[in-house]
Amino acid sequence: MSGTGNKQSNQSIGACALWIAECTTEAFDEVMNVNVRGVCFYLRTEIRAMLSQEPISPAQGRPQQKGSIVNMASIASHTVIRPLPAYTTSKHAILGLTRYAAAAHASDGIWGNTLCTGFIDTPLTRRLPEQYLNAIIMPMLKRG
Numbered sequence: 075m076s077g078t079g080n081k082q083s084n085q086s087i088g089a090c091a092l093w094i095a096e097c098t099t100e101a102f103d104e105v106m107n108v109n110v111r112g113v114c115f116y117l118r119t120e121i122r123a124m125l126s127q128e129p130i131s132p133a134q135g136r137p138q139q140k141g142s143i144v145n146m147a148s149i150a151s152h153t154v155i156r157p158l159p160a161y162t163t164s165k166h167a168i169l170g171l172t173r174y175a176a177a178a179h180a181s182d183g184i185w186g187n188t189l190c191t192g193f194i195d196t197p198l199t200r201r202l203p204e205q206y207l208n209a210i211i212m213p214m215l216k217r218g
């Protein structure tokens, strides 16, 4: 992975579209494995590569940098998306992992950010039952 500069991770599933009392351990684990473990291992791989490379030539007046990482999360990183307990938990975790990586490696010239989008109309979200969509969308009044 030499030559790594700016990287972005964007993987997510939202299984377990149930209230917490109905969410099975298997469904919860599936979401956490993809959404949290996937980002964690991605960060590990990219940070190792960035640490091993020479700094990128900085723009005038900017500090030397070895790379930037942008992880995709969700508005669920900052709030609760009912009735998605595993998804909401996983997006909180992605924000925490990114904050940790940014703080731990700032002195190494590695930056980290999390993009927390609102509700986006996708095939995944179209599979949600209507009452769940209303619980998610109504506070925002629209879909992205």
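Its first residue numbered 75, the sequence shown is counted upward by one per residue in the numbering used here.
All residues carry an ideal CB built from backbone N, CA and C; glycine is no exception.
Just so you know, these numbers come straight off a predicted model, no measurement behind them.
From the options, residue whose alpha carbon lies closest to that of residue i
| i | options | result |
| --- | --- | --- |
| G170 | L117, G192, E96, R136 | L117 |
| R136 | E104, I121, W185 | W185 |
Reduced DSSP category for residue i - H, G, I as helix; E, B as strand; rest coil
| i | result |
| --- | --- |
| I155 | coil |
| L169 | helix |
| I194 | coil |
Residue range of the beta strand (DSSP E) that includes residue i
| i | result |
| --- | --- |
| S142 | 141 to 146 |
| T99 | Note, T99: premise wrong, no beta strand (DSSP E); alpha helix (DSSP H) at 99 to 106. |
Where the alpha helix (DSSP H) through residue i begins and ends
| i | result |
| --- | --- |
| G112 | 112 to 126 |
Expected contact under 8 Å - CB spacing of residue i and residue j to nearest Å
| i | j | result |
| --- | --- | --- |
| T191 | I149 | 7 Å |
| A254 | A177 | Here the chain has residues from 75 to 218 only, and residue 254 is not among them. |
| L125 | D195 | Their Cβ separation, rounded to whole angstroms, is 39 Å, which puts L125 and D195 out of contact at 8 Å. |
| A175 | I143 | 7 Å |
When you compare the region 151 to 167 with the region 107 to 116, are there three or more beta-carbon pairs, one atom per stretch, that lie closer than 8 Å? These segments touch.
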